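Here's the structure we're looking at; comments come further down.
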Amino acid sequence: MTLFHFGNCFALAYFPYFITYKCSGLSEYNAFWRCVQAGATYLFVQLCKMLFLATFFPTWEGGAGVYDFVGEFMKATVDLADLLGLHLVMSRNAGKGEYKIMVAAMGWATAELVMSRCLPLWVGARGIEFDWKYIQMSFDSNISLVHYIAMAAVVWMFTRYDLPKSFRLPVTVLLALCVYKAFLMELFVHVFLMGSWTVLLVKAVLTGAISLCSLFLFVTLVHSN
Amino acid sequence: MFEEASEVFDNMFKSSFPLTFIVFIPAVLILVSPLPAEAAHEFTVYRMQQYDLQGQPYGTRNAILNTEARTVEAEVLSRRCVIMRLADFSYEKYQKALRQSAGAVVIILPGNMSAMPQDIVQQFMELEPEMLATETIVPVYFAMEDDELLSIYTQTLTSSSSQGSLSAAEVLLHTATANGFQMVTSGAQSKAISDWAITSLEGRLAGVGGEDLPTIVVVAHYDSFGVAPWLSYGADSNGSGVSMLLELARLFSKLYTYKRTHAGYNLLFFASGGGKFNYQGTKRCTTYLDHALLQDNVAFVLCLDTLGNGDSLHLHVSKPPKEGTPQYSLLKELELVVASQYPEVKFSMVHKKINLADDMLAWEHERFGIRRLPAFTLSHLPSHRLAQRSSIMDVRPHVDVKKLGRNTKVVAEALARVIYNLTEKGAPGDLQIFTEQMVQEEQLSAVVDWLTAQPRAAQLVDKDSSVVSTLEYYLGRYLKDVKRHYVKADKRDPEFVFYDQLKQTMNAYRVKPAIFDLLLAVCIAAYLGMMYLHGGSHTRSNKTVSCLSAELRCPVQCPLNQHFVFFSLRTHFFPPKIKKL
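Sequences listed follow chains G and X, in order.
Just so we're aligned: 207 in the UniProt record's numbering is position 207 of the first sequence, and the numbers increase by one with no gaps anywhere.
Just so we're aligned: 345 in the UniProt record's numbering is position 345 of the second sequence, and the numbers increase by one with no gaps anywhere.
So this is what it looks like as structure tokens:
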């Protein structure tokens, strides 16, 4: 619409990252370069995923409106690479658990924000045409920040040797939920024909639930040690 | 000063990499990226007429439009694009919009014009000349209605009409939910078309017997006129006249191929262009003496104008014909044919003197009348002022092929009786020279269909257009010596000037008012502020409670930071009393 509107969307999308970075104490650790490295890993992993998808998943030319359940599921499975990537980042950083998690998640989420939302926002929100989708996109970036922090926490827990037996199952379930969240959302949209605001709300609730669960597990784990 | 600046920049590069990112990347992006345009709706609009005639400007003088849409119900219209539907259109509303210095007017026409109630059509027809009578500064556009455009109209209507009596909160809510529309045309400003040539066509059938045979001229102008050139299909005026001309050419060419029916009259058929602009095509041919028309011994000139409907025929003359002249005999033959063969038709002669003080000539025959050529116009209209002759509502259903066929037959019979001098030879009035099959209604209907398949406004028919070339081909099939005549306006003192940009693409962009952006900014600031305060208090409390183990510091709780709800949960999960230290 106007540059002002772009400013609004930009602030909504970016400032939570900034605030998180500042308030989480990452800035005290001087972790900026570590985050950039995590972002670079994100890029590398995405490239690998894309190559893999392009090689082994030919474009499905089914009828319009038909949902390719198996194909989408397989594609979502490729997102497991994200977990590997996050693990890679965390294993390369020495430090306390939460520091590792935050660095990996911040770098990862920021890289995603820059790569996949910056340009659409710049191109779309500044045009004459007004659309709510840019505000939604900015909200979505907030949600994905939470999502990646939860995901990193779950990965960290999963890779710990001293994880109690009773934790193994819930952590694995959470891991699967993290990976297949996008797929689940797509399925919801397809089945319930939701509007864009409802989708955003459901996404927020789902992400909130996952992150609460992982937080609970994490806190219990840390306490138990 | 510059040194200081460079120092600042140096420091920026050295010390903080992120700052350079924040400052320079957007700067580069701002410089390189163009503004994208992804329209909510894109539609074709047709601009109102713009022309100068004898130095006098008519119609709209502007083509560029980039303003927000309103309906006429809104309180403030200045610098807004006023959209109206034809059903609600009235001259008062139109004038109100112009008086309040609206930025533009867009009139939405229904997709199916013939389904409109007759009184609305009639009313609009009568308004058309009034809209064109004076020059309008702002652009006036016409658009065809579709679902998208209708929804844009209704949304604009709701946002325009309800602003007055609402409370502040309602207005705020309204700005958030309602859509505004920015109307933007893609084209450039309209400018005069230089060297526009109006094409006229002539073809002849030579008579037999003697050198200096009298010539009968049959004239019909082929161009159409309406408030918007791209919407003027001109079915009755003057598609019907042209189709009759072509049919007459076909009939008489048949008669002239046989020796026994080859008459002692030359027949000249003339399809003139620019008829709606003071008969420019005809003017040229009567002004320049080199044209064969004036050298010939002209018996009379018969102009055909608007003959596709109605049960009356009017012979418009500027001077009542004297007895003994060929024109008088044509008048008598017409009366005779109508009286004896078609009693349902009312035939009358209408006498109107040429008013040279008028800007516009009334009928085409007056062009010949000025040159002292005996001429008259045949039409089913009693007066030249009637709006049917210059309306965009004059579409194909306005021509009744049956009546057009009957009128053609009347004219053909009367002409034949004059040419073969049948009355003096004692032929009865009900003698049919052409049988019913000879005047082919399919032929007439096909020609009218073809003519109304595209707009034929004089601005749109240039010398390469398909209308002209098809007409030429058609005339060439039946007539000899088919020639083109071009009329160009004088360079220094042009008699007519046409303007371009008559058809444009208009985009309607969904927009929100500036207040909405402000409101949004406040909301976002509140959201972020809440998050920051929450996060900040969180870190501060951590610092004060320094006993809190590093493991339990905020990185862990960061998911919590996102939402206020989590805050209370944190105290639940993290009792401030720490056992282990």
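Glycine is no exception: its CB is placed at the ideal position from the N, C-alpha and C atoms.
For clarity, every value in this text was computed on a predicted model and none was experimentally measured.
| Query | Result |
| --- | --- |
| By how many angstroms is the C-alpha of E413(X) removed from the C-alpha of E424(X)? | 15 Å |
| Whole alpha helix (DSSP H) runs in the region 434-502 of chain X with 4 or more residues, listed along the chain? | 441-451, 466-478 |
| Decide if the region 93-102 of chain G is in contact with the region 188-195 of chain G; the criterion is three or more beta carbon pairs, one per stretch, under 8 Å apart. | no |
| Have a look at A31(G) and N93(G) and give me their C-alpha separation to the nearest angstrom. | 10 Å |
| Is there at least one Cβ from chain G nearer than 7 Å to E155(X)'s Cβ? | The sequence shown places Gln at residue 155(X), rather than the Glu named in the question. Taking Cβ atoms only, chain G never reaches closer than 7 Å to Q155(X), which makes this a no. |
| Please specify which runs of the alpha helix (DSSP H), each continuous and at least 4 residues long, are wholly inside the UniProt domain "Peptidase M28" (214-366) of chain X, giving them in chain order. | 241-257, 280-287, 292-295, 326-341 |
| With I198(X) as the anchor, note down where its alpha helix (DSSP H) starts and where it stops. | Run containing I198(X): none in the alpha helix (DSSP H); it sits in the beta strand (DSSP E), 197-205. |
| If you compare alpha carbons, which of W33(G), P58(G), F69(G) is closest to residue 294(G)? | Any answer about residue 294(G) is impossible in this case: the structure gives chain G only from 1 up to 225. |
| Would you kindly check if the distance between the Cβ of T199(X) and the Cβ of K491(X) is under 7 Å? | no |
| Comparing C-alpha positions only, which one of E92(X), E335(X), M506(X), I137(X) sits nearest to E73(X)? | E92(X) |
| What do you reckon, are the CB atoms on A263(X) and F142(X) nearer than 7 Å? | no |
| Considering only residues of the same chain and omitting the five flanking positions on each side of V202(G), which have a CB-CB separation below 8 Å? | M185, F188, M194 |
| Pick helix, strand or coil for H384(X), following the three-state DSSP scheme. | coil |
| Anything in chain X within Cβ reach of F15(G), meaning under 7 Å, just list it in chain order. | L528 |
| Just to confirm before moving on: does the CB-CB distance between T71(X) and L157(X) stay below 7 Å? | yes |
| Span of the beta strand (DSSP E) holding T60(X)? | 56-60 |
| Please classify I107(X): does DSSP put it in a helix, a strand, or coil? | strand |
| Between G273(X) and H351(X), which are expected to be in contact by the criterion C-beta below 8 Å, what is the C-beta distance as a whole number of angstroms? | Not really, about 28 Å apart at Cβ, beyond 8 Å. |
| Listing by chain order, which chain G residues have their CB less than 8 Å from the CB of M506(X)? | Correct list: empty, because the minimum Cβ distance to chain G is about 13 Å. |
| Determine, using beta-carbon pairs with one atom in the region 381-395 of chain X and one in the region 104-122 of chain X, whether at least three such pairs fall under 8 Å. | yes |
| Rounded to a whole number of angstroms, what is the C-alpha to C-alpha distance between residue 624(X) and V511(X)? | Nothing can be reported for residue 624(X): it is not among the residues displayed for chain X, which extend from 1 to 581. |
| Do we get a CB-CB distance below 7 Å when we pair F18(G) with the residues of chain X? | no |
| Buried or exposed: P343(X), going by 16 or more other Cβ atoms within 10 Å of its Cβ? | exposed |
| Just to make sure I have the definition right: I need the residues of chain C whose C-beta is within less than 7 Å of the C-beta of T41(G). Which are they? | Checking the listed chains, one finds no chain C in this structure; the protein chains it contains are G and X. |
| Buried or exposed: which applies to G208(G), given that a residue is buried once 16 or more other Cβ atoms fall within 10 Å of its Cβ? | buried |
| Is the beta carbon of A192(X) sitting closer than 7 Å to the one on Y499(X)? | yes |
| Measuring only the C-alpha atoms, how far is I128(G) from H41(X)? | 13 Å |
| For a contact defined as C-beta to C-beta under 7 Å, what are the partners of T2(G) on chain X? | D517 |
| Going by DSSP, what residue range makes up the beta strand (DSSP E) through H41(X)? | 41-47 |
| Alpha carbon to alpha carbon, how far is L77(X) from L145(G)? | 46 Å |
| Does the structure place the region 400-420 of chain X close enough to the region 364-375 of chain X that three or more beta carbon pairs sit under 8 Å? | no |
| If contact is defined by three or more beta carbon pairs under 8 Å, each pair taking one atom from either stretch, is the region 3-17 of chain G in contact with the region 105-117 of chain G? | yes |
| Would you mind listing the alpha helix (DSSP H) stretches within the region 48-126 of chain G that are 4+ residues and don't spill past its ends, in chain order? | 69-77, 80-92, 97-116, 118-124 |
| V511(X) touches chain G at which residues, Cβ-Cβ below 8 Å? | M1, I128, E129, F130 |
| Cβ closer than 7 Å: which chain X residues qualify as neighbours of N8(G)? | D517, L520, A521, I524 |
| Along the chain, where does the beta strand (DSSP E) that runs through E68(X) open and close? | 66-71 |
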